[in-house]
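Position in the sequence shown counted from 1, then plus 230, gives you the working numbering.
Beta carbons: idealized from backbone N, C-alpha and C, even for Gly.
Computed from a predicted structure; not experimentally measured.
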Amino acid sequence: MKSVLRVVKYLLIITVFVVAIGFFLAKMRVPYNDIMVIEAGDELFSAAYFFKSPQGDAAYVTDVDKLDIRHVGDYPITISLNGLRYHVKLRVKDSVSPVVKPQEHIESCYGNIISPKEFVESVDDVTDCVYEYVISPDFFKLGNQRVRVLVRDEGGNEVVFESEVEIIEDKSAPVLYGLHDIYVHLGDPIMYSDEIIIHDEQAGATYDIDKSEVIDNKVGDYPVYYKTRDVSGNEKTYSVTLHILEPVVSQMSDDEILEVFRVEYEKIVTPDMTKKEKAKAIFDHLSGTLEYIPVTDKASYIKNAYTGLTTKKGDCVTYYSMYRIWLNMAGIENMKVVTKNESHTFNMINCGDGWYFVDTFYGDNDLFMMTKEDLKKYMSRGYEFLIDEDNYPDTD
């Protein structure tokens with residue numbers, strides 16, 4: 231019985247002690263605000279402002295540098311004062327309307343669907359905005375039309391403006407860039423769409439490939455037709471020749487060859503490089519490094535490139551092929567360029583800021599990222615750059 235009383239006594243003492251500590255800590259806690267509001271994009275105030283009276287020793291426990299207070303929402307954070315922690319919320323609001331500069335007039339082809347955002351030249355707002363039609367144009371009606379567009383930010387602030395669109399008749403067929411004769415060894419895959427880019431003034435353009443005259447299991451030359459079509463019904467047909475050559479026996483597969491190029495690629499570029507920096511690093515590594523010998527096998531650019539990599543010999547097609555492989559590894563959009571008389575081959579690249587020509591054959595640093603005007607200028611140096619300009623994208 232005495233032991234039971236002793237246990238009860240100890241429990242009472244502990245309970246009193248815990249209650250006393252709780253009362254003491256409660257007394258220590260300073261009155262504070264559960265929620266503080268800040269305007270989106272404003273500089274974050276100090277933790278002291280969460281308390282009813284200024285507290286100079288208050289600090290953020292949460293790493294507030296990682297908070298993106300340019301977006302509306304409630305952000306749970308923790309602050310501290312005198313060793314005690316307080317769980318509060320930072321409420322980001324947006325009470326400022328977007329400042330919008332509209333496009334007063336734009337043109338669009340018949341049937342081309344325009345997003346409402348295209349009527350906005352610029353918008354100044356800290357938070358993200360959405361764009362909606364209040365009055366939508368009829369994209370299948372020729373002539374001028376008034377449109378009304380609404381811009382709304384994350385705070386629900388709205389701006390409505392009017393603009394004008396002129397729907398014009400589209401009389402131009404889509405253009406195919408990068409079309410060239412195709413060379414392939416019998417039994418190898420035929421890449422009909424390799425490096426081809428379709429361009430049109432409106433979205434939705436397509437092309438079909440007519441291979442009906444091709445006998446893919448027989449050596450020979452066969453016509454291949456490409457027919458472009460847009461939503462307005464404009465069509466254009468292109469033709470190239472497919473050359474199916476005698477089969478060859480290779481000791482290495484394409485995948486094995488590409489792995490050899492991958493090892494070399496990782497010596498040329500670094501992961502932190504931009505696409506343009508990678509393109510230049512590869513250019514510097516390759517330009518003018520091969521002993522010239524004519525290469526007659528145009529069917530496999532991978533095997534052609536491997537010959538250049540292992541023998542350090544080749545022609546312009548070899549340079550093009552090696553550069554193409556490394557560009558692909560860098561994720562850089564590229565296409566093949568062939569002169570009008572088919573005597574010279576080089577590359578065209580797009581690092582994200584437009585298309586430019588690149589030639590690694592001549593070993594000239596000026597031949598990196600050239601425009602069409604540059605090609606004309608450099609022909610005075612004896613370079614073979616006479617191309618059919620309509621076959622390639624515009625350059626800046």
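Going by beta carbon distance, what residues of the same chain come within less than 6 Å of Ile-555, once the five residues before and after it are set aside?
Here the set comprises Phe-491 and Ala-535.
With Cys-546 as the anchor, note down where its alpha helix (DSSP H) starts and where it stops.
Run containing Cys-546: 546–559, per the alpha helix (DSSP H) assignment.
Can you tell me the Cα-Cα spacing of Phe-369 and Gly-341, whole angstroms?
Their backbone Cα atoms lie some 5 Å apart in a straight line.
Kindly indicate which three-state DSSP category Phe-254 falls into: helix, strand or coil?
Reliability of the predicted coordinates at Phe-254 is poor, the pLDDT of 44 falling under 50, and no value is obtained from them.
Residues bridged to Ile-617 (per DSSP):
Answer is none; Ile-617 lacks a bridge partner.
Please indicate yes or no: does the CB of Ile-365 lie closer than 7 Å to some heavy atom of the ligand COA?
In the structure on display, the ligand COA does not appear, and there are no ligands present to speak of.
Where are the alpha helix (DSSP H) runs, 4 residues long or more, that stay fully inside the stretch 471–499, in chain order?
Taking only runs of at least 4 residues, the alpha helix (DSSP H) segments lying wholly in the stretch 471–499 are 484–498.
C-alpha gap between Thr-590 and Thr-519, whole angstroms:
If I take the Cα positions, the gap works out to 9 Å.
Measure how close the beta-carbons of Glu-494 and Leu-539 come, nearest whole angstrom, since I'm counting them as under 8 Å.
Leu-539 and Glu-494 do touch by the CB rule: their CB atoms are close to 7 Å apart, below 8 Å.
So, with DSSP's three-state summary, where would you put Ile-532?
DSSP places Ile-532 in helix when its eight states are reduced to three.
Taking C-alpha atoms, which residue in Val-547, Leu-320 and Phe-349 lies nearest to Glu-334?
With distances taken between Cα atoms, Glu-334 lies closest to Phe-349.
Beta carbon of Tyr-407 nearer than 8 Å to that of Asn-621
Their beta carbons are under 8 Å apart, which means Tyr-407 touches Asn-621 by this criterion.
Closest Cα partner of Gly-271 within the set Tyr-262, Ile-336 and Val-356:
When each option's Cα is compared against that of Gly-271, the closest is Val-356.
CA-to-CA distance, His-574 to Ser-462, given in whole angstroms:
Rounded to whole angstroms, Ser-462 to His-574 spans 37 Å at the Cα level.
Compute the beta-carbon to beta-carbon distance between Ala-509 and Ala-560, rounded to the nearest angstrom, for a pair I have assumed lies under 8 Å.
Right, their Cβ atoms sit about 7 Å apart.
Write down the C-beta distance between Val-567 and Asn-577 rounded to the nearest angstrom, noting that I regard them as a contact closer than 8 Å.
Correct: roughly 6 Å between the Cβ atoms.
Check the C-beta distance from Thr-401 over to Asn-464 and give it rounded, since I have them as a contact under 8 Å.
The sequence shown places Lys at residue 401, not Thr. Contact flag correct, Cβ pair sits at about 7 Å.
Extent of the continuous beta strand (DSSP E) to which His-429 belongs:
Start and end: 427–429.
In the DSSP output, what is His-335 paired with across the bridge?
Glu-394, per the DSSP bridge assignment.
Proximity winner among Lys-448, Val-444 and Val-449, relative to Tyr-455 (alpha-carbon distances):
Comparing alpha-carbon positions, the option among Lys-448, Val-444 and Val-449 lying closest to Tyr-455 turns out to be Val-444.
First and last residue of the alpha helix (DSSP H) that includes Glu-603?
Bounds of the alpha helix (DSSP H) holding Glu-603 are 602–608.
State the CB to CB distance for the pair Ser-338 and Ile-428, rounded to an integer number of angstroms; the pair is presumed to be in contact (CB under 8 Å).
Actually they do not touch by this definition, with Cβ atoms about 19 Å apart.
Contact set for Arg-459: own chain, Cβ-Cβ below 8 Å, skip 5 residues either direction:
Ala-403, Pro-404, Ala-435, Thr-436, Tyr-437, Asp-438 and Glu-465, listed in sequence order.
Cutting at 6 Å between CB atoms, please list the residues of its own chain near Asp-324, excluding the five before and the five after it.
Apart from sequence neighbours up to five positions away, the residues of its chain that approach Asp-324 with a beta-carbon distance below 6 Å are Ala-270, Val-302, Thr-357, Asp-383, Glu-384 and Gly-385, ordered along the chain.
Given a threshold of 16 other Cβ atoms within 10 Å of its Cβ, counted over all protein chains shown, does Gln-481 qualify as buried or as exposed?
Here Gln-481 is exposed. Its C-beta has fewer than 16 other C-beta atoms within 10 Å.
What residues in its chain sit with their C-beta under 6 Å from that of Asp-430, if we drop five residues either side in the sequence?
The answer, listed in chain order, is Pro-404 and Asp-460.
Residue environment, Val-395, which counts as buried when at least 16 other CB atoms sit within 10 Å:
By the neighbour-count definition (other C-beta atoms within 10 Å, threshold 16), Val-395 is a buried residue.
Measure from the alpha carbon of Met-599 to the alpha carbon of each residue in Asp-514, Thr-500, Ile-309 and Arg-315, then state which is nearest.
Among Asp-514, Thr-500, Ile-309 and Arg-315, the Cα nearest to that of Met-599 belongs to Asp-514.
Taking DSSP's pairing of strands, which residues face Thr-436 in a bridge?
Answer is Arg-459.
For Asn-464, does the three-state DSSP call read helix, strand or coil?
Here Asn-464 sits in coil by DSSP.
The alpha helix (DSSP H) enclosing Lys-506, as first and last residue numbers
Membership of Lys-506 in the alpha helix (DSSP H) is indicated by the continuous run 505–516.
Hey, Val-377 and Tyr-363: beta-carbon distance below 8 Å or not?
Against a cut-off of 8 Å, the Cβ pair of Tyr-363 and Val-377 comes out as a contact.
What is the residue span of the beta strand (DSSP E) that Leu-380 lies within?
Run containing Leu-380: 373–383, per the beta strand (DSSP E) assignment.
So, for Gln-432: in the same chain, excluding its five sequence neighbours on each side, which residues have a beta-carbon less than 7 Å away from its beta-carbon?
For Gln-432, the CB contacts under 7 Å within the same chain, skipping 5 residues up- and downstream, are Cys-339, Gly-341, Asn-342, Asp-400, Asp-460 and Val-461 in chain order.
Using the C-alpha atoms, what's the distance from Asp-418 back to Lys-570?
So the two alpha carbons sit approximately 27 Å from each other.
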